[in-house]
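Residue numbers (our numbering): 505 to 1262.
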């Protein structure tokens, strides 16, 4: 069991590493050689260029005055107003930041109340002193409810504050849900005409022996939506063609590099070995070899493309149907199309960037069985990971280690080693075990068959959250407590075990404090330092960057990584709410996490992340639901804890609180959730009338003609037109708040023109 000294050592290590990371970042961000790592978003938008600096200062910043303001990044991150941030980074980014602000709004008042009321109530009792021979505990645990004696009237304070915490959290959640729903509707209303506003994804198109899929779709919507139906785009199974095009792009990039090398040294033509990984076999002229490979693959691609358009089996029973008004699309997307609810299934189409084309080829009826299989796989994964979690918990208990490995006792008993093992190593070990988890869960979500990148992120985040609840929270509490008290349990009657377990649960707060310092302090500081992207960029730049496209790939910052950010935030809400009443000493660490994360991620949203899609905050209901679930777990945990402390007079007053919380959840769901799944017809009609008054002759057919054509089936002209459409929809940068970005510029096209060869 970690003592106060152990936690102080862990705080020194993690806090020290956090400060070092921030100082190193503050220095590196001023250096020109790290611009593309710390400011990639501005390079992508064309606002920042390496050529803007003098030649002699393109690697190291030689201006000593710049180092006087090396901490200005904090102020620059905070001062950008929210509306400007939405214009600059999108609504998803702004709402992600609001989640961290939500944590501060919830936990700062809880922190004040707990330290004014609960901490004195807990610390002045004597339960742990009387039971020192029964339970492994430390001085810091005297601040928890475990130090309150059974049947004590002090337990009324915990019960009453549970009501206060629940009411306050519900109040904040209600206001935030209402605000975010309003922001979403305002954002959708302010957008220019986008294809997803006028388009519906239709699945389960029934077979017709007399018509092709396309004609069947056209006839159905001309009859049933004749007033606003505009056109359709059939979805083809182009997964094989996509693989061929990817190979062509890779080889074309190598060919471009060979041309650059030949231009530098015309007397020596590049060569390549044909064997394994290009290191074995006979030598060939690289340019001739790559040219012949491209010609061969282009031929294969042309054949495959011709087969796709001529083979009816390549046409999927899926179509994107476009209307000439938002009102018409809303009516179709939000109604049942036929008396058979399994046919002509319509839903809002994701924006073109958001479509995950590979999964559109999955038969609709197969999705149900995939979901069952993946659910079973996630359950198995959770059970499997209990093995390393149990191992991590064993690290937190020095007594068990000493009894198992007796010859290590002299080393373990050293104060510094013991503090490392109990206060720092368990949290670090658990963090390491969880590193590969997001990739595994994303693969499972893709296999599950979701059709958009945003849905993939949300479903992977949901799986990750369930994993964190069971394997990080419940397994750490119950498995860890059982390990620590195992011998004691064996010598007690079964009726005494709930009592011992109830006393042991609060004592696990020290483990979670250690985990928060590793995951919520040092890891977040590591996020802003971006050491791995920095090293990888320069390694790739030296070894693999051969063309400008290679450099763009090397510095690609990626999106918001919601599949990892959301479950971690959900876990911190769970830990903060559950332990606010049980062990309030955890709250300062929770508040530090939310405040520090808000600062860091605001900088990342402004300067680094370049979202792959915009879901207009579609993930907010998931966060709301997880906070509500955390409140219910808090109430049930305290209910069980009070029952073990034989608080018969106060326990019944908590019984109805989970029911009231669920009623609150149902109320907010009915009031606000529809804003995230539907588009009000009134708003759709109003937006249509405004656009019609501005430009009554808009040609939606030509505007959205190829918006939902598979990227590998588009011509070069289609790609250029699509890129122009996205540029025109991009919000202008507002330079007034950032002196370093005073110029407004459009991003150069990064689309590869290889598909134009097809």
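The beta-carbon is built from N, C-alpha and C at its ideal position, and this holds for glycine as well.
Is there contact between the stretch 1201 to 1221 and the stretch 834 to 848, where contact requires at least three CB pairs shorter than 8 Å?
no
Provide the residue span of the beta strand (DSSP E) that contains residue 548, from first to last.
Numbered from 1 along the chain shown, position 44 holds the residue referred to as residue 548. Counting along the chain, residue 548 falls outside any beta strand (DSSP E), though it belongs to the alpha helix (DSSP H) covering 544 to 548.
Simplified DSSP assignment, three categories, for residue 673:
Working through the chain shown from its first residue, we reach residue 673 at position 169. Helix at residue 673.
Terminal residues of the alpha helix (DSSP H) in which residue 1083 lies:
Reading the chain shown from its first residue, position 579 is the one you call residue 1083. Element bounds for residue 1083: 1066 to 1086.
Could you tell me the alpha carbon to alpha carbon distance between residue 737 and residue 877, rounded to whole angstroms?
Position 233 of the chain shown, counted from the first residue, corresponds to residue 737. Position 373 of the chain shown, counted from the first residue, corresponds to residue 877. Roughly 32 Å between the two C-alpha positions.
In terms of alpha-carbon separation, which member of 1140, 1018, 809, 612 lies closest to residue 517?
Along the chain shown, read from residue 1 onward, the residue named residue 517 stands at position 13. When only C-alpha atoms are compared, the closest one is 1018.
Return the CA-CA distance between residue 1163 and residue 750, expressed in angstroms with no decimal places.
Stepping through the chain shown from its first residue, residue 1163 is reached at position 659. Stepping through the chain shown from its first residue, residue 750 is reached at position 246. One C-alpha to the other measures close to 54 Å.
Which complete beta strand (DSSP E) runs does the stretch 663 to 741 hold, if anything under 3 residues is left out?
703 to 707, 733 to 740
Whole angstroms is fine: what's the gap from residue 1092's alpha carbon to residue 624's?
By 1-based counting over the chain shown, the position of residue 1092 is 588. By 1-based counting over the chain shown, the position of residue 624 is 120. So the alpha carbons of these two residues sit roughly 16 Å apart.
Could you check if residue 1186 is buried or exposed, using at least 16 other CB atoms within 10 Å of its CB as the buried criterion?
What you label residue 1186 is simply residue 682 of the chain shown in a count that begins at 1. Per the 10 Å Cβ criterion, exposed.
Where in the stretch 741 to 811 do unbroken runs of the beta strand (DSSP E), each at least 3 residues long, occur, reported from the N-terminal end onward?
775 to 777, 787 to 789
Cβ-based neighbour list, residue 590, same chain, cut-off 6 Å, excluding 5 preceding and 5 following:
Your numbering for residue 590 matches position 86 in the chain shown. Contacts found: 598.
Distance, Cα to Cα, residue 713 vs residue 724?
Start at 1 with the first residue of the chain shown, and residue 713 comes out as number 209. Start at 1 with the first residue of the chain shown, and residue 724 comes out as number 220. Computed Cα separation, rounded: 15 Å.
Tell me the start and end of each unbroken alpha helix (DSSP H) in the stretch 1191 to 1219 that is at least 4 residues and wholly inside, in chain order.
1204 to 1207
What span of residues does the alpha helix (DSSP H) with residue 959 cover, start to end?
As a first step, residue 959 is located in the chain shown; it is residue number 455 there, counting from the start. 957 to 971 is the extent of the alpha helix (DSSP H) around residue 959.
Within 10 angstroms of the Cβ of residue 879, are there 16 or more other Cβ atoms? Answer buried if so, exposed if not.
Taking the chain shown and counting its residues from 1, one reaches residue 879 at position 375. Under this definition residue 879 is an exposed residue.
Regarding residue 1168 and the ligand NAD, is the C-beta to nearest heavy atom distance less than 8 Å?
Absence of the ligand NAD from the depicted structure is noted, as is the absence of any ligand whatsoever, leaving it without description.
Do you know offhand how far residue 641's Cα is from residue 549's?
Counting from 1 along the chain shown, the entry for residue 641 is found at position 137. Counting from 1 along the chain shown, the entry for residue 549 is found at position 45. Residue confidence for residue 641 is low, a pLDDT of 48 falling below 50, so the modelled location carries little weight; the figure read from the coordinates is stated next. Their backbone Cα atoms lie some 56 Å apart in a straight line.
Using a threshold of 9 Å, state whether the C-beta atoms of residue 965 and residue 885 are closer than that.
Along the chain shown, one-based indexing puts residue 965 at 461. Along the chain shown, one-based indexing puts residue 885 at 381. Against a cut-off of 9 Å, the Cβ pair of residue 885 and residue 965 comes out as no contact.
Just tell me which of 1104, 1157, 760 has its CA closest to the CA of residue 793.
As a position in the chain shown, residue 793 is number 289, starting the count at 1. It is 760 whose Cα lies nearest to the Cα of residue 793.
Bounding residues of the beta strand (DSSP E) (the contiguous stretch that carries residue 852):
One-based indexing of the chain shown puts residue 852 at position 348. Looking at the DSSP string, the run of the beta strand (DSSP E) that includes residue 852 is 849 to 852.
Given a cut-off of 9 Å, decide if residue 704 and residue 850 are closer than it, judged by their beta-carbon atoms.
Taking the first residue of the chain shown as position 1, residue 850 is located at position 346. Taking the first residue of the chain shown as position 1, residue 704 is located at position 200. Their beta carbons are under 9 Å apart, which means residue 850 touches residue 704 by this criterion.
Could you check if residue 888 is buried or exposed, using at least 16 other CB atoms within 10 Å of its CB as the buried criterion?
To locate residue 888, count along the chain shown from 1; it is residue 384. By the neighbour-count rule (16 or more Cβ atoms within 10 Å), residue 888 is not buried but exposed.
Spatial neighbours of residue 512 within its chain, please: CB distance less than 6 Å, with the 5 preceding and 5 following residues excluded, ordered by chain position.
Here residue 512 refers to the residue found at position 8 when the chain shown is read from its first residue. Hits under 6 Å: none found.
Can you give the beta carbon distance from residue 974 to residue 1025, rounded, assuming they're within the 8 Å contact cut?
Against the chain shown, residue 974 aligns to sequence position 470. Against the chain shown, residue 1025 aligns to sequence position 521. The Cβ separation is near 24 Å, so there is no contact.
Inspect the beta-carbon positions of residue 1013 and residue 1127 and report whether they are closer than 9 Å.
Position 509 of the chain shown, counted from the start, is the residue given in the question as residue 1013. Position 623 of the chain shown, counted from the start, is the residue given in the question as residue 1127. Result no, Cβ atoms of residue 1013 and residue 1127 do not sit closer than 9 Å.
Do residue 1077 and residue 826 have their beta-carbon atoms positioned less than 9 Å apart in this structure?
As a working mapping, residue 826 is identified with position 322 in the chain shown. As a working mapping, residue 1077 is identified with position 573 in the chain shown. Against a cut-off of 9 Å, the Cβ pair of residue 1077 and residue 826 comes out as no contact.
Following the continuous alpha helix (DSSP H) through residue 1132, name the residue where it begins and the one where it ends.
Stepping through the chain shown from its first residue, residue 1132 is reached at position 628. It spans 1124 to 1148 - the alpha helix (DSSP H) in which residue 1132 sits, taken as one unbroken run.
At the level of alpha carbons, what is the spacing between residue 519 and residue 1020?
In the chain shown, residue 519 corresponds to position 15, counting from 1. In the chain shown, residue 1020 corresponds to position 516, counting from 1. Each residue's alpha carbon lies about 11 Å from the other.
Using beta-carbon positions only, say whether residue 836 and residue 729 come within less than 9 Å of one another.
Reading the chain shown from its first residue, position 332 is the one you call residue 836. Reading the chain shown from its first residue, position 225 is the one you call residue 729. It is a contact, given that the beta carbons lie within the stated cut-off.
Buried or exposed: which applies to residue 958, given that a residue is buried once 16 or more other Cβ atoms fall within 10 Å of its Cβ?
Indexing the chain shown from 1 puts residue 958 at position 454. Under this definition residue 958 is a buried residue.
Nearest residue (CA-CA) to residue 524, options 1167, 770, 1120, 1033:
Indexing the chain shown from 1 puts residue 524 at position 20. Of the candidates 1167, 770, 1120, 1033, the one whose C-alpha sits nearest the C-alpha of residue 524 is 1033.
Would you call the stretch 793 to 803 and the stretch 679 to 697 in contact, with 3 or more CB pairs under 8 Å?
no
Is residue 1067 near residue 972, with beta carbons less than 9 Å apart?
Taking the first residue of the chain shown as position 1, residue 1067 is located at position 563. Taking the first residue of the chain shown as position 1, residue 972 is located at position 468. Not in contact: residue 1067 and residue 972 (Cβ atoms no closer than 9 Å).
Span separating the alpha-carbon of residue 1178 from that of residue 943
Reading the chain shown from its first residue, position 674 is the one you call residue 1178. Reading the chain shown from its first residue, position 439 is the one you call residue 943. If I take the Cα positions, the gap works out to 31 Å.
Tell me which residues share the same chain as residue 522 and place their Cβ nearer than 7 Å to its Cβ, disregarding the 5 neighbours each side in the sequence.
The residue given as residue 522 occupies position 18 in the chain shown. Hits under 7 Å: 1025, 1026, 1029.
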